[in-house]
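Here the sequence shown stands for residues 1 to 132, numbered as in UniProt numbering. Backbone N, C-alpha and C fix where the C-beta goes; we use that ideal spot for every residue, glycine too. One structure is given here, and the rest of the page talks about it.
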Amino acid sequence: MQIGQLAQHAGVAIDTVRYYERHGILPEPRRQASGYGRYGEDDVARLRFVRRAKGLGFTLTEIRDLLALSSRPADDMAGLKAAANEKLVDVEHKLAELTRIRDGLQTLVRSCPGHGALARCPILAALSEESA
Numbered sequence: 001m002q003i004g005q006l007a008q009h010a011g012v013a014i015d016t017v018r019y020y021e022r023h024g025i026l027p028e029p030r031r032q033a034s035g036y037g038r039y040g041e042d043d044v045a046r047l048r049f050v051r052r053a054k055g056l057g058f059t060l061t062e063i064r065d066l067l068a069l070s071s072r073p074a075d076d077m078a079g080l081k082a083a084a085n086e087k088l089v090d091v092e093h094k095l096a097e098l099t100r101i102r103d104g105l106q107t108l109v110r111s112c113p114g115h116g117a118l119a120r121c122p123i124l125a126a127l128s129e130e131s132a
């Protein structure tokens, strides 16, 4: 199949396929005499893997590592589990930080009546505090 068909089957844009090729996520395709790249079902599966991993928050560098691990099916799964666990810990830290931000914003929003002069706005006052 050609690049457009690959992109369609994998649910990504053609530019995404080219980007992944440039960054070593997807191998360069076999070339026909016409110069067009030829892709196979393995390439579709690889792109779907990348798309799902990105959806779980993995970076391209991490995805490259996951792909390297997945290419050695005889190896123990401990490395893959460790990578997934590390991502989970990272996500939990981000969630805690987002919760802290949300709580702070909720406090600010609740403190503001939403009318009156800006000079008396509790949100501006809180953001302008020296201890903040």
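Under the three-state DSSP convention, the category residue i falls into
{"i": "arginine 30", "result": "strand"}
{"i": "arginine 18", "result": "helix"}
{"i": "leucine 56", "result": "coil"}
{"i": "arginine 72", "result": "coil"}
{"i": "arginine 119", "result": "Correcting the residue identity first, residue 119 is alanine in this sequence and not arginine. Reduced to three states, the DSSP call for alanine 119 is helix."}
{"i": "alanine 45", "result": "helix"}
{"i": "isoleucine 63", "result": "helix"}
Where the alpha helix (DSSP H) containing residue i begins and where it ends
{"i": "residue 193", "result": "One cannot answer for residue 193 here, as it falls past the ends of the chain, which runs 1 to 132."}
{"i": "proline 122", "result": "122-128"}
{"i": "histidine 9", "result": "3-10"}
Where residue i falls, given that 16 or more other Cβ within 10 Å makes a residue buried
{"i": "valine 91", "result": "exposed"}
{"i": "glycine 72", "result": "For clarity, residue 72 is arginine in the given sequence; the question names glycine instead. Answer is exposed; the Cβ neighbour count stays below 16."}
{"i": "tyrosine 36", "result": "exposed"}
Strand pairing of residue i, partner residues [DSSP]
{"i": "glycine 37", "result": "Arg31"}
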